[in-house]
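Visitor:
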Amino acid sequence: MAAQDRRRYIQDELSQMGKVVVSELSSKLGVTEETIRRDLERLEADGVLKRTYGGAILNPVKRQTPDVQFYKRAVQRVSEKRTIARNALPLLEGMRTIAADSSTTTAEAVKMVKDRSDLTLLTNSTVAFQELEDSKISVVSTGGEFHRGTLSLRGEAAKSAIKRYRVDALLFSCMGIDENAVFDSRPEESEIKRALIEQAAKVILLADHTKFSQVAFVKVTTLDRIDYLITDKEPDQRWKDICAEHGITVIY
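Every letter in the sequence shown is one number past the one before it in UniProt numbering, and letter 2, counting from 1, is 2.
#1: CB Asp178 to CB Val215, shorter than 8 Å?
#2: When the Cα atoms are used, what is the spatial distance from Gln64 to Thr231?
#3: In whole angstroms, give me the CA-to-CA distance for Leu49 and Glu245.
#4: Distance, Cα to Cα, Phe183 vs Met175?
#5: Would Thr32 be called buried (16 or more neighbouring beta carbons within 10 Å of its own) or exposed?
#6: Run through DSSP, which three-state label would Asp184 get?
#7: Where does Val31 fall in DSSP's three states?
#8: At a cut of 8 Å, does the stretch 156-166 reach the stretch 135-147 through at least three beta carbon pairs?
#9: Looking only at C-alpha atoms, which of Ala201, Ala181, Pro187 sits nearest to Ala207?
#10: Between which two residues does the beta strand (DSSP E) containing Val20 stretch?
#11: Alpha carbon to alpha carbon, what distance is there between Ala100 and residue 253?
#12: Is any beta-carbon of chain C found at less than 8 Å from that of Lys211?
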């Protein structure tokens, strides 16, 4: 089993049981205990768990908020999200104003620019304020109604505030993309994404390879509105052709 698959299995076990034991994982996954310990070290660095003697427990912060969808998504495909975030960094060089939605993938990208004192961030994410509390970035909130599940701000007040700003680029993610459009699962979040898209000079979509050829409940925007698609691995030729047809630069 690949390291990525092992770590995903460990995360699933933690979500269900709240703790894992090194010896049990070693037996179930057919790898050495040292390999499991390295996996736990990596997941601890990612904020997923806290190591204990002989095993690990779910990160106490996440265990206290089991109903918060954001934290559940945040521990999924962490490696892919970080790869995408790193791939986005060169695009942001030279930009002075960016916007970001409340997605977990975008949150990883925001963490990586926290030392830039020349950058202003517009966002509806309340997590961004926590992550950037000690950063050099100037953070501007959209305001709006707080949604506990996504830890985001939304509603008419947020959309109205967004219209007052213009940014060099928007970073946003989605639940799926097909050959024509970008999709998300929540109508209210999709409205915020659309509002941010309208105020951005460049629109940067962050999506891992599992989002390709997938649709969800709400259509956010068409592919023609996307300038860059940043992903974690090289797309197949079909998707390269689709992006070329819509004028999208693909970065992986």
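Cβ coordinates follow ideal geometry from the N, Cα and C atoms, glycine included.
Guide: This is what the structure holds:
#1: By 1-based counting over the sequence shown, the position of residue 178 is 178. By 1-based counting over the sequence shown, the position of residue 215 is 215. Closer than 8 Å, so yes.
#2: Here residue 64 is taken as the residue at index 64 of the sequence shown, counted from 1. Here residue 231 is taken as the residue at index 231 of the sequence shown, counted from 1. Unreliable positioning characterises Gln64 in this predicted model, as indicated by a pLDDT of 48, which lies under 50. The coordinate reading is nonetheless provided below. About 31 Å.
#3: Looking up residue 49 in the sequence shown gives position 49. Looking up residue 245 in the sequence shown gives position 245. Their Cα atoms are separated by approximately 43 Å.
#4: Within the sequence shown, residue 183 is the residue found at index 183, counting from 1. Within the sequence shown, residue 175 is the residue found at index 175, counting from 1. About 6 Å.
#5: If you number the sequence shown from 1, residue 32 lands on position 32. Counting Cβ neighbours within 10 Å, Thr32 comes out exposed, since fewer than 16 surround it.
#6: Taking the sequence shown and counting its residues from 1, one reaches residue 184 at position 184. The answer is strand: DSSP assigns Asp184 an E or B state.
#7: Stepping through the sequence shown from its first residue, residue 31 is reached at position 31. Looking at Val31 - three-state DSSP - the assignment turns out to be coil, as it is neither helix nor strand.
#8: yes
#9: Numbered from 1 along the sequence shown, position 207 holds the residue referred to as residue 207. If we check each option's Cα against that of Ala207, Ala181 comes out closest.
#10: Position 20 of the sequence shown holds residue 20. Residues 19-21.
#11: Past the boundaries of the shown model lies residue 253; the chain is included only from 1 to 252, so the question cannot be answered.
#12: The structure shown contains no chain C; it holds only a single protein chain.
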